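Report on the structure given below.
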Amino acid sequence: MSIDRGRTKGAAEGATALEALTGAIRRLAEGGSRDDALDAIAEATAAAAAAEVVVVRVLAEDGRWLEARAVSASSTSVAAELQGSRAAPFADGDAVRSTGHRLGFDVALALPIALGGRELGRLELFRHAQSFTTEEETLGRLAAEHAAIALGGLGGNGKGVSPLPARDLLRLGGDALATGLDVQRTADEIARLAAQGSGAEGAVVWRLGDDLQPYVGGTFGTDGQDEREVVDALAARAPFAVTSSSWVLLLGQPPLGALQLRFEQPLVPSDDLLDALTTFAARAAHALRSSERAHRQAVELDRSRALVAVVGQAIAQLSLAHTLETAIDRIAELVGADRLAVYLLEPDEDRLFEAAGRGLAGPHTRVAERMIELARGPLRGREAMLIDDARSDLRLASVREQLAETGIEAAVGLPLRVREDLIGLLAVYPPSGRTLTPDELALVTALAAQLAVAVQNARLHEQLKRRDAERREALEAEQQTSRTLRSLYEISRTFAQNLSLEATLEALVRTFTELLGLDAVGIRMPDERGEALITQALHVRDERMAEAVKTILQRPQPLSPRLRSLLAGGRPLPLDPGIAAELGGAYGLLVPFLE
919 MSIDRGRTKG
929 AAEGATALEA
939 LTGAIRRLAE
949 GGSRDDALDA
959 IAEATAAAAA
969 AEVVVVRVLA
979 EDGRWLEARA
989 VSASSTSVAA
999 ELQGSRAAPF
1009 ADGDAVRSTG
1019 HRLGFDVALA
1029 LPIALGGREL
1039 GRLELFRHAQ
1049 SFTTEEETLG
1059 RLAAEHAAIA
1069 LGGLGGNGKG
1079 VSPLPARDLL
1089 RLGGDALATG
1099 LDVQRTADEI
1109 ARLAAQGSGA
1119 EGAVVWRLGD
1129 DLQPYVGGTF
1139 GTDGQDEREV
1149 VDALAARAPF
1159 AVTSSSWVLL
1169 LGQPPLGALQ
1179 LRFEQPLVPS
1189 DDLLDALTTF
1199 AARAAHALRS
1209 SERAHRQAVE
1219 LDRSRALVAV
1229 VGQAIAQLSL
1239 AHTLETAIDR
1249 IAELVGADRL
1259 AVYLLEPDED
1269 RLFEAAGRGL
1279 AGPHTRVAER
1289 MIELARGPLR
1299 GREAMLIDDA
1309 RSDLRLASVR
1319 EQLAETGIEA
1329 AVGLPLRVRE
1339 DLIGLLAVYP
1349 PSGRTLTPDE
1359 LALVTALAAQ
1369 LAVAVQNARL
1379 HEQLKRRDAE
1389 RREALEAEQQ
1399 TSRTLRSLYE
1409 ISRTFAQNLS
1419 LEATLEALVR
1429 TFTELLGLDA
1439 VGIRMPDERG
1449 EALITQALHV
1459 RDERMAEAVK
1469 TILQRPQPLS
1479 PRLRSLLAGG
1489 RPLPLDPGIA
1499 AELGGAYGLL
1509 VPFLE
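Numbering (the working numbering), first residue to last: 919 to 1513.
This is the structure:
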């Protein structure tokens, strides 16, 4: 009987691989880390399947990527390139082969890592030549099953999770506290850590609203929410309660919410786990309060920045248009509004007009006029008018046609008042169902108060500028009148003193040049035979140009029939390049200067 050495060698290598895979799971069960177990599985798979590269990819928490968590490669550069890399989940064989070709490998094998029909990751094998045999694929599938066990034994990837020790749960609570900067992120992180630490199928962080009714603040691993069990636990004021499908822990004293851990069949936790959960709940409550405090500070900072921007723009520009544009931009950015406007009342006419706005069309000013009426009447004294459903609100019944035409679904009106005088309205038109949060409402209310003062100051400044401009215009008109009178007096005085036509004409051209701000003025008169126009007087303002201008304008201008007909009407004759060229003579020399 002959013995096949290849088969004997393959059996020995398979046994070694099985032993390595079993050892990885054993170390994980004894408290080893998941990453160490995955590294051992990758090494064992590479040896058993004769693969040059093995990659264990794990599905990220958001489900969008498969991340390389363990890599076994003969080349350190390839291992460094693959470690931590991302790939799309549910990729087909072509995508994996494309990755192999990019790394220089011709053969690729991708095996899913799944548990209970749920994908947890993917096992990828690469080598240069020779397709993987059936035995090698079988060993690869076995390795993928071991990887699924490793992934399913930790971090919410399976039902058979054993709760973390109390010290680890406390550490997770510290991690949640460290993330307490964003309210939503903190609540989601608390839910995730609680579910992973307790072995729950899912977790919900419930918060209490102003009406003391619970609402969902953050979730992990669960879609449906039922607040009835939480309401009962809050009513009983029990720090910990076991219900038909969950554990409920109150967060803080007095409670600011509750942490609900979902199970198929919840059991009473051990004393150690209960102590750890209680401590975790206390630290989670502290984290939520810290995040709320940070959120309030951020809101106050945004409010201060917005106020400084509006007031600073008003001070820097003292321009009503710039002030309103800045206010519209800041408010739209802070509250996420696409449709808003500032309306102002004419001081004398008491007429409302849109001074600045965005995203609005149609007769929306009529809607604003109705809100002004409300601000002067039944809602007088209110800092803000909140209308959640504009089309069904009886207060806006008189403008329903305008609401339908403009598409306005809801409105927030903030009267602009200076002392007790109503000067306008800041209106935000959110979509139906979108209400401003208390922080947003406080912000726009403060902005409206500052905007009213800025608008009034800008109006006063523009009024002063307008009056100053009117005074300057009146002064210039008086000065012009005075210059005209002086010019007429100078002409009359010259003629009266000299009784000379030549002196009078010289006075005329000099006076016209100075009075009208012209470069040169000349007076032509017909010669004795009536055949040409002769320059009788000429004045050039710039002495440097006098010689050149006189050379042209002192030339006789033939009095052609065309020129006679043009002058016969007694009207001014503007010279353009065409007429000057047609008339010729001295006028023809002006063509280059007229073009």
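We treat Cβ as the ideally placed atom computed from N, Cα and C, and that holds for glycine. The model shown is predicted, which means the values in this text are computed figures rather than measured ones.
State the start and end residues of the unbroken alpha helix (DSSP H) segment that holds HIS1240.
In the sequence shown, the residue the question calls residue 1240 occupies position 322. From DSSP, the alpha helix (DSSP H) with HIS1240 extends over 1238-1253.
Please give the ranges of any beta strand (DSSP E) in the region 1260-1297, keeping only runs that are unbroken, at least 3 residues long and fully inside the region.
1270-1276
Between the Cα of ALA1366 and those of ARG1459, LEU1262, GLY1351, spot the shortest distance and give me the residue it belongs to.
On the sequence shown, residue 1366 is found 448 positions in, with the first residue counted as 1. Closest option to ALA1366, Cα to Cα, is LEU1262.
Under 8 Å by Cβ, that's how I've got LEU1238 and VAL1373 pegged, so tell me the actual separation to the nearest angstrom.
The count along the sequence shown starts at 1 and reaches residue 1238 at position 320. The count along the sequence shown starts at 1 and reaches residue 1373 at position 455. With a Cβ gap of about 7 Å, LEU1238 and VAL1373 count as contacting.
With DSSP collapsed to three states, give me the class of ASP1024.
Working through the sequence shown from its first residue, we reach residue 1024 at position 106. Three-state DSSP puts ASP1024 in coil, outside helix and strand.
Please classify LEU1426: does DSSP put it in a helix, a strand, or coil?
Position 508 of the sequence shown, counted from the start, is the residue given in the question as residue 1426. In this structure, LEU1426 counts as helix in the three-state DSSP scheme.
Taking only three categories from DSSP, how would you classify THR1140?
If you number the sequence shown from 1, residue 1140 lands on position 222. Coil, per DSSP.
Which of the three DSSP states is assigned to PHE1158 in this structure?
The sequence position of residue 1158 within the sequence shown is 240, counting from 1. Three-state DSSP puts PHE1158 in a strand.
To the nearest angstrom, how far is it from the Cα of GLY1022 to the Cα of THR1056?
Walking along the sequence shown from the start, residue 1022 turns up at place 104. Walking along the sequence shown from the start, residue 1056 turns up at place 138. Their backbone Cα atoms lie some 24 Å apart in a straight line.
For a test of the three-state rule: what should DSSP assign to PRO1132, helix, strand or coil?
Stepping through the sequence shown from its first residue, residue 1132 is reached at position 214. PRO1132 falls in the strand class under three-state DSSP.
What first and last residue would you give for the beta strand (DSSP E) that runs through SER990?
Within the sequence shown, residue 990 is the residue found at index 72, counting from 1. Run containing SER990: 984-991, per the beta strand (DSSP E) assignment.
Classify GLY1440 as helix, strand or coil using the three-state DSSP reduction.
By one-based count along the sequence shown, residue 1440 stands at place 522. In this structure, GLY1440 counts as strand in the three-state DSSP scheme.
So the candidates are ALA1205, ASP1339, GLY1277, ARG1309; which of them puts its Cα closest to the Cα of ASP1266?
Position 348 of the sequence shown, counted from the start, is the residue given in the question as residue 1266. Per the Cα distances, ASP1339.
Shortest alpha-carbon distance to PHE1181 belongs to which of GLY1139, THR1052, PRO1296?
Within the sequence shown, the letter at position 263 stands for residue 1181. Among GLY1139, THR1052, PRO1296, the Cα nearest to that of PHE1181 belongs to GLY1139.
Could you tell me which residues DSSP puts in a beta bridge with VAL1453?
Position 535 of the sequence shown, counted from the start, is the residue given in the question as residue 1453. Rather than Val, the amino acid found at residue 1453 in this sequence is Thr. Answer is ARG1442.
What did DSSP end up calling SER1080 once you bin it into helix, strand or coil?
Your numbering for residue 1080 matches position 162 in the sequence shown. Here the model assigns SER1080 a pLDDT of 45, short of 50, so the residue's position is not dependable, and the following value carries that caveat. Reduced to three states, the DSSP call for SER1080 is coil.
Within 10 angstroms of the Cβ of PRO1349, are there 16 or more other Cβ atoms? Answer buried if so, exposed if not.
Your numbering for residue 1349 matches position 431 in the sequence shown. Exposed is the call here.
Assign HIS1046 to buried or exposed, taking buried as 16 or more other Cβ atoms, counted over all protein chains shown, within 10 Å of its Cβ.
Against the sequence shown, residue 1046 aligns to sequence position 128. Exposed, by the Cβ-count rule.
Would you mind sorting ALA967 into buried or exposed? The rule is 16 or more other CB atoms within 10 Å of its CB.
Walking along the sequence shown from the start, residue 967 turns up at place 49. Classification for ALA967: buried.
Excluding sequence positions up to five away, which residues of its chain have a Cβ less than 7 Å from the Cβ of ALA1066?
In the sequence shown, residue 1066 corresponds to position 148, counting from 1. ILE1031, ALA1032, LEU1033, LEU1038.
Less than 7 Å between the C-beta atoms of VAL972 and SER990, yes or no?
What you label residue 972 is simply residue 54 of the sequence shown in a count that begins at 1. What you label residue 990 is simply residue 72 of the sequence shown in a count that begins at 1. Cβ atoms of VAL972 and SER990: closer than 7 Å.
Helix, strand or coil: how does DSSP classify GLY1502 here?
Stepping through the sequence shown from its first residue, residue 1502 is reached at position 584. In the structure shown, GLY1502 sits in coil (DSSP, three-state: anything other than H, G, I, E or B).
Using 10 angstroms around the beta-carbon of ARG1155, count the other beta-carbons present and answer buried if the total reaches 16, otherwise exposed.
Residue numbering aside, residue 1155 sits at position 237 when the sequence shown is read from its first letter. It counts as exposed.
From the DSSP output, read off the bridge partner residues of VAL974.
For the purposes of this step, residue 974 is taken as residue 56 along the sequence shown, with counting starting at 1. According to DSSP, VAL974 bridges with ALA988, LEU1041.
Quick one: what does DSSP say ASP1010 is sitting in, helix, strand or coil?
Taking the sequence shown and counting its residues from 1, the one referred to as residue 1010 is at position 92. Three-state DSSP puts ASP1010 in coil, outside helix and strand.
From ALA1302 to ARG1294, what distance separates their C-alpha atoms?
Counting from one through the sequence shown, the residue named residue 1302 turns up at place 384. Counting from one through the sequence shown, the residue named residue 1294 turns up at place 376. ALA1302 and ARG1294: Cα-Cα distance of roughly 13 Å.
Run through DSSP, which three-state label would SER1016 get?
Here residue 1016 is taken as the residue at index 98 of the sequence shown, counted from 1. Three-state result, SER1016: helix.
Quick one: what does DSSP say PRO1495 is sitting in, helix, strand or coil?
The count along the sequence shown starts at 1 and reaches residue 1495 at position 577. In the structure shown, PRO1495 sits in a helix (DSSP, three-state: H, G or I).
Counting only runs that start and end within the region 1298-1381, where is the beta strand (DSSP E) found for 3 or more residues in a row?
1303-1305, 1329-1336, 1339-1346
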